[in-house]
Amino acid sequence: MAAKLIGVLALQGAFAEHIAALKKCGAETFEVRTAEDLNKIDGLIIPGGESTTIGKLMNKYAMEEVIKARVAEGMPLWGTCAGMILMAKEIVDSDQIKLGLMDIEVKRNAYGRQVDSFEAELQLAGIGQIKGVFIRAPYVGRVWGEARVLSCHNEQIVMVQQRKMLATSFHPELTEDLDIHQYFLEMG
Amino acid sequence: MEEKGTFNVKSGLAQMLKGGVIMDVTTAEQAKIAEEAGACSVMALERVPADIRAAGGIARMADPSIILNIMEAVSIPVMAKCRIGHFVEAQILESLGVDYIDESEVLTPADDKYHINKNEFKVPFVCGARNLGEALRRIGEGAAMIRTKGEPGTGNVIEAVRHMRQVNAEIRWVSNLPEEELMSAAKELQAPYELVLEVVKSNRLPVVNFAAGGIASPADAALMMQLGCDGIFVGSGIFKSGDPMKRARAIVAATTYYNDSAVLAEVSRDLGEAMVGIDIASIKPQERMQDRGC
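In order, the protein sequence lines correspond to chains A and B. Using the working numbering, you'd call the opening residue of the first sequence number 1 and step up by one each time. Using the working numbering, you'd call the opening residue of the second sequence number 1001 and step up by one each time.
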């Protein structure tokens, strides 16, 4: 069986770090920049970056509807930080462009500005302990419907799964830890 | 237990900015235009480099009110500049809560010998560099992000190209040396030995490297990205041009699609007047900003 081809949305942000982590897990990877690229892949990661920038480019180059259609077909999708924001159905105090796929409400820059960015140990349900790197990070204010909470930090929700969609406030791609990348690859 | 201000979170924010465009702005209105156009961050300034160059005199950190108004206006990260070596301006900027400090040659240096000890701060710093040794000295002092110096406020990309090519050439050079020659190479580069070893191991700078200083068009941005930069600073190039919103959007698209000449052709159309450029040869040696702090 051919290895799964995992796309990383490469419009802006830390896509190279996800590609490197996926390669270490043995996955085939692909930098996704166009709507056509989205039909070649078996799974997609939306990386950390600036969610307003990624949203605008996604919209301008007609990728939004294709991502939604592929997810409706069951393609696994994981968003880190900016990716989590773009996947949320609700974003507090913002009318920015979003995919609106997950039953979560996200608060942007929820911990404050860059001087409040931090690292902390996290417990993830079904995965174990990892180091979480939070950079101007969002957290999830509430979940409903099919969304399941996989991790909290100081009582705030920082990781959620809904069927084959995964969202994390933090950046596993900035650490040596490959557990969540492995978990994502096994979701497909 | 939360750890703040680690090098990981400092360099991590720069990693999140990659593939994006950081735009110089002087007002809240300009900051909103930049955000609307897709900037991944803005640099809050009192004057853009072209105006600093034209005004002469001493250029200092911006008035905190300007910076706070801009922070209030946008949700994207806000950077601000302090003078080379002026650690009190940096302390003030940190207390305002800016997301990145640019210890910048665009402002008049405050110290002719020493840069700021950036390791002492929780806020991350970006610094300019013309070559590998300069970049590694700044990283040694704690910079979590590097940019080419270029020649600010000129709208002339030649110096940014020179600096990027120089860094790339020196990375290739050290990466091909046998181990016993690396200490001598570090001496020649005037760079910390441990950081030279890191460069040899990874074949790149240990932190994110953006292009800055003279980028004025979508083609300039794509040129710097194809030369291997991680992202783009545009100083005077946007708000000194005829149609800032259109040009800003075009430079954002060109930074993402830097390898797609059809997109570059499309976004380069009908942009109106670019900023007025300056030939580097016409700048007096004492007015070259890139020679400040090395």
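No residue lacks a Cβ here, since even glycine has one placed at the ideal position from N, Cα and C. Treat the numbers as computed from the prediction; the structure is a model and nothing was measured.
Close-in-space but distant-in-sequence residues of the same chain around residue i (CB under 7 Å, 5 per side omitted)
| i | result |
| --- | --- |
| Ala27/A | Ala3, Lys4, Ile6, Leu185 |
| Val1009/B | none |
| Glu1198/B | Pro1206 |
| Met1/A | Its pLDDT being 47, under 50, Met1/A is placed unreliably by the model, and the measurement read from it follows with that caveat. Once the five neighbours on either side are set aside, Met1/A has no close Cβ partner at all. |
| Lys1018/B | Val1208, Asp1230, Gly1231 |
| Gly1237/B | Gly1155, Ile1215, Ala1216, Met1275 |
| Leu178/A | Ala21, Lys24, Cys25 |
| Glu1273/B | Ser1241, Gly1242 |
Residues near residue i in its chain [Cβ-Cβ closer than 8 Å; skip 5 each side]
| i | result |
| --- | --- |
| Ile19/A | Val8, Thr29, Glu31 |
| Leu122/A | Gln129, Ile130, Lys131, Gly132, Ser151, His153, Val158, Met159, Phe170 |
| Val1252/B | Gly1020, Val1021, Ala1037, Gly1038, Ala1039 |
| Lys1122/B | Lys1004, Gly1005, Glu1094 |
| Val1088/B | none |
| Lys68/A | Leu99, Leu101 |
| Gly1277/B | Thr1154, Gly1155, Asn1156, Ala1216 |
CB of residue i within 8 Å of CB of residue j, strictly
| i | j | result |
| --- | --- | --- |
| Gln12/A | Ile54/A | yes |
| Gly1150/B | Ala1212/B | yes |
| Met1275/B | Lys1246/B | no |
| Gly1133/B | Ala1055/B | no |
| Ala1250/B | Pro1218/B | yes |
| Ser117/A | Leu1013/B | yes |
| Ile1139/B | Leu1227/B | no |
| Gln162/A | Asp93/A | no |
| Arg1280/B | Glu1159/B | What sits at residue 1280/B in the sequence shown is Ile, not Arg. Contact flag set, yes. |
| Ala1110/B | Ile1101/B | no |
| Val101/A | Val71/A | Correcting the residue type first, residue 101/A is Leu in the shown sequence and not Val. Yes, these two residues count as a Cβ contact at 8 Å. |
| Arg1318/B | Gly1153/B | No answer is possible for residue 1318/B: it lies beyond the span of chain B, which begins at 1001 and ends at 1294. |
| Gly79/A | Ile46/A | yes |
| Gly49/A | Ala82/A | yes |
| Glu17/A | Glu173/A | yes |
| Ala1034/B | Ala1248/B | yes |
| Ile97/A | Lys56/A | yes |
Where residue i sits in the DSSP three-state scheme
| i | result |
| --- | --- |
| Asn1119/B | helix |
| Thr80/A | strand |
| Glu1159/B | helix |
| Leu1182/B | helix |
| Met1/A | Confidence at Met1/A is low in this model, with a pLDDT of 47, below 50, so the placement of that residue should be treated as unreliable; the coordinate-derived value is given next. Of the three classes helix, strand and coil, the one that applies to Met1/A here is coil, per DSSP. |
| Leu189/A | Since the first residue of chain A shown is 1 and the last is 188, residue 189/A is not available in this structure. |
| Arg1083/B | strand |
| Tyr61/A | coil |
| Phe1033/B | The question names Phe, yet the displayed sequence has Ile at residue 1033/B. DSSP places Ile1033/B in helix when its eight states are reduced to three. |
| Ile1283/B | coil |
| Ser1104/B | strand |
| Met1016/B | helix |
| Ile54/A | helix |
| Glu1089/B | helix |
| Val1167/B | helix |
| Asp1024/B | strand |
| Ser1268/B | coil |
| Ala1248/B | helix |
| Met87/A | helix |
| Gly1276/B | With the sequence shown as reference, residue 1276/B is identified as Val, and Gly is not the correct amino acid for it. Val1276/B falls in the coil class under three-state DSSP. |
| Arg1172/B | helix |
| Gly1142/B | coil |
| Glu1003/B | strand |
| Arg1147/B | strand |
| Val92/A | coil |
| Gly1133/B | helix |
| Gly1128/B | strand |
| Ser1011/B | helix |
| Ser1241/B | coil |
| Val1263/B | helix |
Own chain residues within Cβ distance below 6 Å of residue i, not counting five before or after
| i | result |
| --- | --- |
| Met58/A | Glu64 |
| Leu44/A | Gly7, Leu77 |
| Glu90/A | Glu105 |
| Ala35/A | Ala62, Met63, Val66 |
heavy atom of the ligand FMN below 7 Å from residue i C-beta
| i | result |
| --- | --- |
| Glu90/A | For the ligand FMN, the structure offers nothing, since it holds no ligand at all. |
(request) Decide if the region 1058-1074 of chain B is in contact with the region 1090-1100 of chain B; the criterion is three or more beta carbon pairs, one per stretch, under 8 Å apart. (result) At 8 Å Cβ cutoff, the stretches touch.
(message) Under 8 Å, with one C-beta from each stretch per pair, do the region 1036-1052 of chain B and the region 1222-1241 of chain B reach the 3-pair mark?
(response) yes
(message) At 4 residues or longer, what runs of the alpha helix (DSSP H) sit wholly inside the region 1190-1234 of chain B?
(response) 1193-1202, 1218-1226
(message) Quick check for students: name the residue ranges of the beta strand (DSSP E) that lie wholly in the region 97-174 of chain A, counting only runs of 3 or more.
(response) 102-107, 118-124, 128-134, 139-143, 148-153, 156-162, 165-168
(message) Could you tell me which whole alpha helix (DSSP H) segments of length 4 or greater appear in the region 1043-1079 of chain B?
(response) 1049-1055, 1064-1073
(message) Count Cβ pairs between the region 1123-1130 of chain B and the region 1102-1109 of chain B that sit closer than 8 Å; are there 3 or more?
(response) Of all C-beta pairs linking the region 1123-1130 of chain B to the region 1102-1109 of chain B, three or more are shorter than 8 Å, placing the two stretches in contact.
(message) Counting beta carbon pairs with one atom in the region 1175-1192 of chain B and one in the region 1256-1269 of chain B, are three or more of them shorter than 8 Å?
(response) no
(request) May I have a chain-ordered list of the alpha helix (DSSP H) segments no shorter than 4 residues that lie completely inside the region 10-46 of chain A? (result) 15-24
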